[in-house]
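Residue numbers (the numbering used here), protein chains in the order written: chain A, 1 to 501; chain B, 1 to 501.
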């Protein structure tokens, strides 16, 4: 069937074309079926049906389809029924619990990235993965296939170190510290970090308060070669883009199938050319990993997966029942991160975790006591100098100091309404308060946890300080704090003190 | 957020509203998230994002959302983030393999019918059902919940008989014969049949060549009360509409999870008020059920499910390795059906299967030898009289005869290219040829299978005759016949004879 192309600007994650219902009847397609649209090139897309948004004889094409089909609005295009891609069979095989080979997995990933699989097919795939799982060989093939869909970064003849956290612990601002220590010890460590998805602040969200994180693959390679370390944003490169397509279906489904999680992480490490990887697995009742058995099982899988992919993996299970350090939110976390580099002794848990993780990297590189060496590099101020060099290489001010980091001017305090001990801190409630205050979009917004688990408190002691850039968001954050009670003493009262200090 | 409503006429199976990307950012929603749209009423819908099809400050609403929200184009509506419905938890529970209770299942069905679950969530549900299955209590609850979503037909104080085939055998034109025999024996049998989905001709497709099948629930009840039997189209009633929503996701996924299949069938029986049901399970290498073990397992489940739902179920496993009778296609099947009622001895397999199925119904009603009684009713001509009465009640001509059924004028023959025996007939290839000829849309299109499995043939004998209403479709059907070789002797040649004949 020949139709005239029109423009359809609907930003969906699967290419969808709009046809009139009469044309659909003639062609024999219904809502959700696939058609091949051919101009000079050719593309497959999903059909949406309307009888008013498009006239008979026309087909509206989103930009991606216009490009693939080499057809512009006004051009005639040939429209034909297109059958399901072969990887639909692999989805059904996985439903049946069958093992898939590398070629089938690669075909599926390719079909996902090219938009040949529909969202409901991807949903079926993720559900099947969630229920049936994958063995290490399948996950390794899956990771390799995802890595092949995007950019690769390669370094000649050097070992490339990397560091990754499973996430789930608020205030985990150690990445720039770990990278600075490792780079200062002579390691090449081009660390790419994400922004917040459901959290209040990702590493990229706070690092960009003091330098540029928008570095492409070439920048990353160049800076890592020059100064050893990089702390950049994953999203500015194009490593393993398949993961991003899966995320658009995973997020509304609210599932994170284990093989998908592992393959997504490892695909980016493969694409980044990593040879040695330290993996932080935070363990806590509100993180992804909730029992030590589960943590050990993930650790075993990651080590084995690394072995299959040619990456040496060392896993560290870390305590995550409360935020790390005190600060949650971009500017606040940046300030605390710098204070640790400046030698401020007030954040022992942050410094300890950074030295343990950096130490594990040094151990992989051959150190006899990596943690002690990392500690020396941090305490001598050499980590701070290396940090300044990396910041400068990423376009920031190498002289930046913690005092330069100024949080939102609207503040409020949450105080204890009785004496007692802090029994429990809810990570998710802390995150909700920080997000209500405006983090991570408002860089100055966030919270400071003033009392950690086990602290003795008197009535009226400040448990938590909230910063915001807007008064209405501060009020909202206070409401959330009142509702969720993030720091449990034995109940508490809330008093609103700001604006002003 | 207050936006101005506009009209969005996009015929998707889940209510989707179109918002400008700026408004989405302010509200904090992305493609695929849910919003609640409130005018005087309120509705939940999925967000699509565009920056050209809609201007900032406006939201385009499909008709269903306008109606539920009581908002017309131009009205201000309140738009707010809406969280996932509770039944998303039930989907995850099923992924984990947990048993769901009746209330959870009912909530899920309700969320599906009201459009509160997205297509990817329904895809995840169907995939989980496919892999995890359901026990009989869950399937019964599922069937009851689906029945509750639509119309119910009720008959006071009479037993209501029903008859159902799993399908998969082309030319299965026995329904009007079975219904006529059973009604003549005094049973109430309001049989609702489907149209072809992937086949060449559903029961409703051929029955409508001689009477009206578009009967609503009231018509069905009235006619069944008057003349005992009805052979109408399921789609004209509103029994168990939930099944139709699931189909829109199942079809592109290409899966038919067993609990879904069983619950869909039984939901319509529950809604139709059936008390006694005979179930035909065709067994063959190209049907849904491919082994006798599988057939027995379905039969056991159906009997037990019936028991739980208060319906007496009798299952009959039937031979389905080749088409039933000779005709496939609406007019051709109607003609063959009438010939059997008229006493033509040329279609023994059709008459036998009809008498066995009708006999099983009579057995349920208390007959001592239902099959023999059914045979007497058919052979005496009483079934034909009852058929005429039902046809009249459904607005058809009671004097209609097989000669009145005139198939398409363009014909061709497929002949044997060597002597031998018919070794195999492919049901799916026969269906493909009939569909290529135009069935079921072109009523006169279809095929006549002239030689069945085991027949001795000489070179040049006609194996299959094709009828079409259009010459181009006849040519297409011949191509398909050449490609798929539906009747295997030992190769064959094809010669084109029509038009004429």
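Glycine included, C-beta positions come from ideal geometry on N, C-alpha and C. The structure presented is a predicted model; accordingly, all values stated were derived computationally and were not measured.
Chain order gives the chain A residues near residue 254/B as 84, 88, 92, where near means a beta carbon separation below 8 Å. Taking a C-beta distance under 8 Å as the contact criterion, residue 340/B and residue 358/B do not qualify as a contact pair. Counting along the chain, residue 146/B sits inside no beta strand (DSSP E); it lies in the alpha helix (DSSP H) bounded by residues 136-148.
Residue 118/A has a beta carbon lying within less than 8 Å of a beta carbon in chain B.
Contact between the stretch 332-350 of chain A and the stretch 195-212 of chain A is present, with at least three C-beta pairs closer than 8 Å.
The alpha helix (DSSP H) runs lying completely inside the stretch 377-425 of chain B and spanning 4 residues or more are 382-393, given in chain order.
Within chain B, the residues whose beta carbon sits less than 8 Å from that of residue 132/A are 131, listed in sequence order. Closer than 8 Å to the CB of residue 33/A there is at least one CB belonging to chain B.
Listed along chain A, the residues sitting closer than 7 Å to residue 249/B by beta-carbon distance are 120. Under the 8 Å criterion on CB atoms, residue 291/B is classed as non-interfacial with respect to chain A. Here the C-alpha atom of residue 82/B lies approximately 31 Å from the C-alpha atom of residue 165/A. Neighbours of residue 127/A across chain B, judged by C-beta separation under 7 Å: 95, 124, 127, 128. Under the three-state reduction of DSSP, residue 427/B is assigned to helix. Rounded to whole angstroms, the gap between the alpha carbons of residue 105/A and residue 281/A is 27 Å. If only complete runs of 4 or more residues are kept, the stretch 67-121 of chain A shows the alpha helix (DSSP H) at 87-95, 102-113, in order along the chain. In this structure, residue 362/B lies away from residue 412/B, with their beta-carbon atoms at least 8 Å apart. Between residue 162/B and residue 271/B, the alpha-carbon positions lie close to 12 Å from each other.
For residue 240/B against residue 146/B, the beta-carbon gap comes to about 5 Å, under 8 Å, which counts as contact. Checking the DSSP bridge columns, you'll see residue 314/A partnered with 278/A.
Between residue 218/A and residue 377/A, the alpha-carbon positions lie close to 29 Å from each other. In the DSSP assignment, residue 206/B falls within the alpha helix (DSSP H) that extends over 203-207. In this chain, the beta strand (DSSP E) harbouring residue 162/B covers 161-165. Under a 10 Å Cβ-count criterion, residue 396/A is classified as buried, with 16 or more other Cβ atoms of the shown protein chains found around its own Cβ. The beta carbons of residue 390/A and residue 180/A sit about 7 Å from each other, so the pair counts as a contact at 8 Å.
Beta bridge pairing from DSSP links residue 210/A with no other residue. Residue pairing by DSSP places residue 190/B opposite 230/B in a beta bridge. The secondary-structure analysis by DSSP pairs residue 457/A across a beta bridge with 420/A.
In chain order, 258, 259 place their CB closer than 7 Å to the CB of residue 133/B, counting only its own chain and leaving out the 5 sequence neighbours on each side.
Across the set 190/A, 57/A, 430/A, 401/A, the C-alpha of 401/A shows the shortest separation from the C-alpha of residue 331/A. Straight-line measurement puts the Cα of residue 315/B at about 6 Å from the Cα of residue 299/B. Three or more Cβ pairs closer than 8 Å define a contact, and the stretch 261-279 of chain B meets that threshold against the stretch 235-252 of chain B. Judged by DSSP in its simplified three-state form, residue 46/B adopts strand.
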